[in-house]
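Student:
Residue numbers (this note's numbering), protein chains in the order written: chain A, 416 to 1169; chain B, 416 to 1169.
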């Protein structure tokens, strides 16, 4: 009986698969989406038929539709507002035009799905008002952008508008008369597309998330208007245009260093073969939407381009990478300029998940994320997801340790994520990360169940909160957030990596030494940085180790610094919460002074000072009712500084977060070895503290040579574990034999642990 | 049809009521609980029968039983440990003996309910080990307490032990031989009871939560042992003992100022007729358990005492008061010494809710809290609750605005809680609050959906976290947490109320001026303090007002200070989060220095300074993705200080929380008028800021005399509301006629709002 059912299920699955593949190859769609047919961008004529046929029986789609309908009905009720542009982000006219682009797109979809003319009329009426307005508009009155828009203060937002509004236009295309279409295209869409491209080459003609939006905007309206010239301008950039390769944008990024431009170049360059986006997950999320909706449109209208197979399918791979760059709560790791709290609940990720499911391999894990998102796109891909969920195909999306290479060919370092039970470590050994990169070579952040244990500061900006610098980057982003001392890595001689210079940082990247997640008890990654400080090499090996003698997996960190001269090294731990205990004496400051006067040091107040212990220093803290202990090897010449962010912050733009900084003077070579344990808990309800003490009794380097570093970790039960990491030949195949304290160790591979 | 059902429901309800009343009057129980019968404290012989009959059909009880069974089975498996006493709170021997008392009590219940001898044997074996140990014990080796115990460093914990263990003894009483009972009573229970009472009168013979535990401990073992002398010692204190009325305990409280003692005095004195406990909710929660379990025992064994009717039923009223002293999440307001996070999920509140339901009037609101608690007591009252829930009788427990008087006769001020939609304001105008009181006359805290908007600092202590001062009160509790400047009220001339002296503070209390919650739009309370600063009177009127022109109810605060001399007034706002905007210029400090050198000022760093605006100063901040704006009337001589807690804190015992302090120099009379608006929200996922600006356009005093203060509040729509508060004759019946700016206002009652 069971077998019979299984066979039936198999047959059904095969049939489904065929039908899915059929859909995905879009043969049907091509025939229908001849150049004249509409809609064709994210909805197709056949898709609309399918959706209408299923309506009422696909809960997540029906609910998403209902929510959008209620939202748009209320907007229609409230009436159209198309104000004269005036404000920066967060201001009224900005917010209104931004709202309008969403409203137009959604109203267009409603027209197609519900076949109710009131939505088409609403879209038409608003578009006509935009047509009226746009032809009168000079450049936007606010002057802060390197590329001013007309509706918005920056071309970027104008492009956002067009990416959405071209979808609305597509949906009501057949509803309009030819005369109406001519009017809109002549006075609104074409000049609009020209302004963000030909008139703004510094914005459009480059490889950057900004230009991705620009390319997609031009391309999508081109697809709707069936305008090959615009489509080509989108795909390949503005023809025969060469820009100054030295010019820079607002953020300090080169405008166009190597002359590459257009949508395809924007896929080619920033994505590694693993799908890692060079600016990091926060900007990948932002760029994802135009990448994917334009790709959808290209897939439907120009299937011969095989856009989803471009660069070995990197667009879909990048979605998987992006989902893996989130913590247990779905929040993206704030690498580079990243605002905390951005997560896969963002609408761009609804697009990403649905598109990835529909145009990819129908990964059932994506369905569970779609369920958490609790909404789907109102298009062909949203329908596919809704049907998958309805048919009970969802499975958990399991995030494991993963190593993501950086660079167009995957050869410019990367990001390693170590996951072990509830602990997550994010280790960054990537390239500069374009203009949004930070000077944070070999830095890391550490999480427990989605809560930050050791934080990455993220960006210094209140996105879209107008009162805080117009919602734009604050100057502390540069003076603090990007600086090395703001990160959990080594700062040499109070100077940031690459002396904080983008031009230099952009030339270099760290190198993967090894990554290994085969042993479920030892998740480990190792990488090397040789350029951040000329003459100094940093080899950092980080592991998250599960050992039965410790309550939770602990972090082991071996940072081997080798230099050709004597330096000062500062090594911070950006913890959160209250200090519980130290094994060293400290003195708190009566008056708080900044730690330095530049390179981020000017933003740190010194709250306390200590001489480190001669063997290892221990520091315990409590945050969110959990205990943590850092144990780090020190000698009696080392200093420990208790710092707090917030000095020289005249607008209170920075969070007052603490750090413990290990400082060593007069060091040439130094191997920093640290363990961070997460342990125990406190309940303010029962007022009981459980396992509030470290389980680590002793931490020791027992060998440290050019080729090997060996660390012994002894717990309170007097069990000792040994980790030996190969510092030079660390390939999987390498065979090692070494003698430590008279004992022979033989193994093959990158590291030894026992 | 509907009427018929209603009648049936009514009849059913009456029947239920009769049967419940029958249970509550406990006629059955009395007959069974003759002096010799066991169990009789919180379980009765009849109760055990009833429970056994219902087992398996009362889900919340069954689940609670299962959880306890698993816990105790694991303990039995692990074996008995009765270590020689050595540690302070949080240390091993402390934690183990504490664990044992819970385990013994639960094992006793399991024996009764499951009728499985293994539990009785386990209790017996452990009690015998205690008997062995106890007779050898000197005073506990740790010397910090004013009343050292034997098992624990303080008698208080010894008393905790006995309160629980007497229940265990009660449960296995009949299981033991007379010889075994004699051994235990002679060598363990009687000397134990004597040590915490006769040998420790400074602990036992007073009115304080400590002695409540002591009284209950002595009384409960007395009930089990059927020892009238112990029972009387519990109820009335140690006979013929007079203590030094000037002596003080560890916390600075008088040991026994007026000679009162015993359980009844401990009910009489600290509870007001409304059930407010003078030390505040945190300590009420702590004292609640011995109050109620001893009361249960007395109810069962000595029904003639009518303990639940004592002082007009104050014990049950106090449970209602306590539940009302919690925020939307069930966390108690941290008035006086209160640790944040303590909530009605604490096990003492499971007792309180179940007892209140069973012995009170079967309030169906209590059932909904019991459901949230997700457990019940394994006794007669827990059964009653479980049956109530099973029968679907639970209704929401709705918290409304409430005024709770303080003082044995309700004449020593009180606490007013204003609730309006999601906003809650807690206004404290109580008496000193015994040794756990703070110098915080007319202070308040403000909440939105259970999150602190304007915080009360609470205590400076990490309860039971041994690494932080043994888990005991830290010295910063006195130097910071109790001081006036740590609270949201006025500090005059940088000196705390009553010059921070407990002896003086204890003589006085604030006076209610009026409280009114009749108008659902205007929840308002007003109180007066004349003794905190001799020669100065503070009349504070606080309202939470719902006005359609504001998104959420706003707080209006009128603090009228009248003095016979010129003073400096400091008025802090302990907000949380990031500063978003001010309407005044400020200068941040390059170097942070303490604001003063005593009375709490030594703990505040000055982060910034500003001259206030000439009419009103505005300050907006964001916390937990919500916006808040303070608008406060100022003149150009006022200063605004940005401060942060943490100066002179050599052990990092204090949280680094910010405040804005309004400082006015050379003021004699000053009426501070402020509005705090909660508005809007920010989503880091959609990156949109909604309603991030204040809706308040103008705030003005338009009249301020001895008799009246009138404030005009104008919003952005130019609608003006007027609040006139009567400063003198504010009775409900009072009739008022005044002319302001040529317009006549006539009303009766405490205030006018329109």
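Don't be surprised by glycine CBs; every beta carbon is placed ideally from N, CA and C.
(1) Around the Cβ of residue 624(B), are there at least 16 other Cβ atoms within 10 angstroms (buried) or fewer (exposed)?
(2) Measuring CA to CA, which of 942(A), 675(A), 1101(A) is closest to residue 878(B)?
(3) Out of 906(A), 604(A), 1021(A), 1167(A), point me to the one whose CA is closest to residue 1145(A)'s CA.
(4) Should residue 1089(B) be labelled buried (16 or more other beta-carbon atoms within 10 Å of its own) or exposed?
(5) Answer with buried or exposed for residue 1006(A), where buried requires no fewer than 16 other C-beta atoms within 10 angstroms of its C-beta.
(6) Return the chain-ordered list of same chain residues with a C-beta closer than 6 Å to the C-beta of residue 906(B), the five sequence neighbours on each side being excluded.
(7) Are residue 689(B) and residue 850(B) touching if we call contact CB-CB under 7 Å?
(8) Find the nearest neighbour of residue 655(B) within the set 613(B), 1043(B), 683(B), 695(B), judged by alpha-carbon distance.
(9) Helix or strand or just coil, what does DSSP make of residue 490(A)?
(10) State the DSSP-derived secondary structure class of residue 598(A), mapped to helix, strand or coil.
(11) Exposed or buried, what is residue 950(B) when buried is set at 16 or more other beta-carbons lying within 10 Å of its beta-carbon?
(12) Give the secondary structure of residue 892(B) by DSSP, where H, G and I count as helix, E and B as strand, and everything else as coil.
(13) I'd like to know if residue 439(A) contacts chain B, where contact means its C-beta is closer than 7 Å to some C-beta of that chain.
(14) If contacts are defined as beta-carbon pairs under 8 Å, then residue 1087(A) and residue 1047(A) qualify, I think. What distance do you get, rounded to the angstrom?
(15) With H, G and I counted as helix, E and B as strand and the rest as coil, what does DSSP make of residue 509(A)?
(16) Using 7 Å as the threshold, is the C-beta distance between residue 933(B) and residue 1134(B) below it?
(17) Note down the Cα distance separating residue 748(B) from residue 852(B), rounded to an integer number of angstroms.
(18) Using a 10 Å radius around the Cβ and a threshold of 16 neighbouring Cβ atoms, would you call residue 1078(A) buried or exposed?
(19) Check residue 804(B) in the structure and name its three-state DSSP category.
(20) Could you tell me which of 926(B), 1028(B), 1038(B), 518(B) sits nearest to residue 1053(B), measuring between CA atoms?
(21) Once the 5 residues before and after residue 633(B) are set aside, which same chain residues still bring their CB inside 6 Å of it?
(22) Can you find a CB in chain B that lies within less than 7 Å of the CB of residue 443(A)?
(23) For chain A, check one thing: does any of its Cβ atoms lie closer than 7 Å to the Cβ of residue 470(B)?
(24) Would you kindly work out how many angstroms separate the C-alpha atoms of residue 970(A) and residue 1126(A), rounded to a whole number?
(25) Using the C-alpha atoms, what's the distance from residue 772(A) back to residue 809(A)?
(26) In three-state DSSP terms, what is residue 1067(B)?
(27) Would you list, in chain order, the members of the stretch 753-781 of chain B that have their beta-carbon closer than 8 Å to a beta-carbon of chain A?
(28) Do you know offhand how far residue 463(A)'s Cα is from residue 1045(A)'s?
(29) In angstroms, rounded to a whole number, what distance separates the CA positions of residue 681(B) and residue 628(B)?
(30) Just checking my contact of residue 817(A) with residue 767(A) at CB under 8 Å: how many whole Å lie between their CB atoms?
(31) Is the beta carbon of residue 520(B) less than 7 Å from the beta carbon of residue 582(B)?
(32) Chain A beta carbons: is any one of them nearer than 7 Å to that of residue 553(B)?
(33) Under DSSP, the beta strand (DSSP E) around residue 955(A) begins and ends at which residues?
(34) Across which residues does DSSP place residue 942(B) in a beta bridge pair?
(35) Leaving out five residues on either side along the sequence, give the residues of the same chain with a beta carbon under 6 Å from the beta carbon of residue 944(B).
(36) If we cut at 7 Å on Cβ distances, does residue 1102(B) have a partner in chain A?
Tutor: Let me spell this out:
(1) Counting from one through the second chain, the residue named residue 624(B) turns up at place 209. With at least 16 other beta carbons inside 10 angstroms of its own, residue 624(B) counts as buried.
(2) One-based indexing of the second chain puts residue 878(B) at position 463. Taking the Cα of residue 878(B) as reference, the smallest distance to any Cα among 942(A), 675(A), 1101(A) is reached at 1101(A).
(3) For this step, residue 1145(A) is matched to residue 730 along the first chain. Ranking 906(A), 604(A), 1021(A), 1167(A) by Cα distance to residue 1145(A) puts 1167(A) first.
(4) Reading the second chain from its first residue, position 674 is the one you call residue 1089(B). By the neighbour-count criterion, in which a residue is buried when 16 or more other Cβ atoms sit within 10 angstroms of its Cβ, residue 1089(B) is buried.
(5) On the first chain, position 591 is the one that residue 1006(A) refers to. Classification for residue 1006(A): exposed.
(6) Along the second chain, read from residue 1 onward, the residue named residue 906(B) stands at position 491. Around residue 906(B): 899, 900, 985.
(7) Working through the second chain from its first residue, we reach residue 689(B) at position 274. Working through the second chain from its first residue, we reach residue 850(B) at position 435. No.
(8) Position 240 of the second chain, counted from the first residue, corresponds to residue 655(B). Cα-wise, what sits closest to residue 655(B) is 613(B).
(9) Within the first chain, numbered from 1, the residue matching residue 490(A) stands at position 75. Residue state for residue 490(A) is assigned as helix, using DSSP reduced to three classes.
(10) Position 183 of the first chain, counted from the start, is the residue given in the question as residue 598(A). Three-state DSSP puts residue 598(A) in a helix.
(11) Counting from 1 along the second chain, the entry for residue 950(B) is found at position 535. Answer is exposed; the Cβ neighbour count stays below 16.
(12) Locating residue 892(B) in the second chain gives position 477, counting from the first residue. If DSSP states are grouped into helix, strand and coil, residue 892(B) belongs with the helices.
(13) Within the first chain, residue 439(A) is the residue found at index 24, counting from 1. Below a pLDDT of 50, predicted positions are generally treated as unreliable, and residue 439(A), at 38, falls in that range; the measurement from the model is reported next regardless. Cβ-Cβ to chain B under 7 Å: no for residue 439(A).
(14) Position 672 of the first chain, counted from the start, is the residue given in the question as residue 1087(A). Position 632 of the first chain, counted from the start, is the residue given in the question as residue 1047(A). With 8 Å as the limit, residue 1087(A) and residue 1047(A) qualify as a contact, their Cβ atoms being about 7 Å apart.
(15) Residue 509(A) sits at position 94 when you count from the first residue of the first chain. DSSP, reduced to helix, strand and coil, places residue 509(A) within a helical segment of the structure shown.
(16) Taking the first residue of the second chain as 1, we reach residue 933(B) at position 518. Taking the first residue of the second chain as 1, we reach residue 1134(B) at position 719. The answer is no: Cβ separation not under 7 Å.
(17) Residue 748(B) sits at position 333 when you count from the first residue of the second chain. Residue 852(B) sits at position 437 when you count from the first residue of the second chain. Rounded to whole angstroms, the gap between the alpha carbons of residue 748(B) and residue 852(B) is 14 Å.
(18) Taking the first chain and counting its residues from 1, one reaches residue 1078(A) at position 663. Flag for residue 1078(A) reads buried.
(19) Counted from its first residue, the second chain places residue 804(B) at position 389. Assignment of residue 804(B) by DSSP, reduced to helix, strand and coil, places it in the helix class.
(20) Within the second chain, numbered from 1, the residue matching residue 1053(B) stands at position 638. It is 1028(B) whose Cα lies nearest to the Cα of residue 1053(B).
(21) To locate residue 633(B), count along the second chain from 1; it is residue 218. Excluding five sequence positions before and after residue 633(B), the CB atoms of its chain that fall closer than 6 Å to its own CB belong to 608, 612, 645, 648, 649, given in chain order.
(22) If you number the first chain from 1, residue 443(A) lands on position 28. Caution applies to residue 443(A), whose pLDDT of 40 falls short of 50 and renders its modelled position unreliable; the model cannot decide the point.
(23) Position 55 of the second chain, counting from 1, holds the residue named residue 470(B). No, no contact with chain A.
(24) The residue labelled residue 970(A) in the question sits at position 555 within the first chain. The residue labelled residue 1126(A) in the question sits at position 711 within the first chain. Roughly 13 Å separates the two Cα atoms.
(25) Looking up residue 809(A) in the first chain gives position 394. Looking up residue 772(A) in the first chain gives position 357. Computed Cα separation, rounded: 11 Å.
(26) For the purposes of this step, residue 1067(B) is identified with residue 652 of the second chain, where counting begins at 1. In the three-state reduction of the DSSP assignment, residue 1067(B) falls in the coil class, being assigned neither a helical nor a strand state.
(27) For the stretch 753-781 of chain B, which is checked against every Cβ of chain A, the residues closer than 8 Å are 754, 755, 756, 757, 758, 760, 761, 762.
(28) For this step, residue 463(A) is matched to residue 48 along the first chain. For this step, residue 1045(A) is matched to residue 630 along the first chain. Residue 463(A) and residue 1045(A): Cα-Cα distance of roughly 58 Å.
(29) For the purposes of this step, residue 681(B) is identified with residue 266 of the second chain, where counting begins at 1. For the purposes of this step, residue 628(B) is identified with residue 213 of the second chain, where counting begins at 1. Rounded to whole angstroms, residue 681(B) to residue 628(B) spans 10 Å at the Cα level.
(30) Position 402 of the first chain holds residue 817(A). Position 352 of the first chain holds residue 767(A). 17 Å between Cβ atoms; not a contact.
(31) In the second chain, residue 520(B) corresponds to position 105, counting from 1. In the second chain, residue 582(B) corresponds to position 167, counting from 1. Yes. Within cutoff.
(32) The residue given as residue 553(B) occupies position 138 in the second chain. With 7 Å as the cut-off, residue 553(B) does not count as an interface residue toward chain A.
(33) In the first chain, counting from the first residue as 1, residue 955(A) sits at position 540. Residue 955(A) -> beta strand (DSSP E) spans 951-960.
(34) Locating residue 942(B) in the second chain gives position 527, counting from the first residue. Beta-bridge analysis with DSSP links residue 942(B) to 927(B), 955(B).
(35) Translated into positions along the second chain, residue 944(B) becomes position 529. Exclusion of the five residues before and after residue 944(B) leaves 856, 857, 925, 953 as the residues of its chain whose Cβ lies within less than 6 Å of its Cβ.
(36) Translated into positions along the second chain, residue 1102(B) becomes position 687. For residue 1102(B), at least one C-beta of chain A is nearer than 7 Å to its own C-beta.
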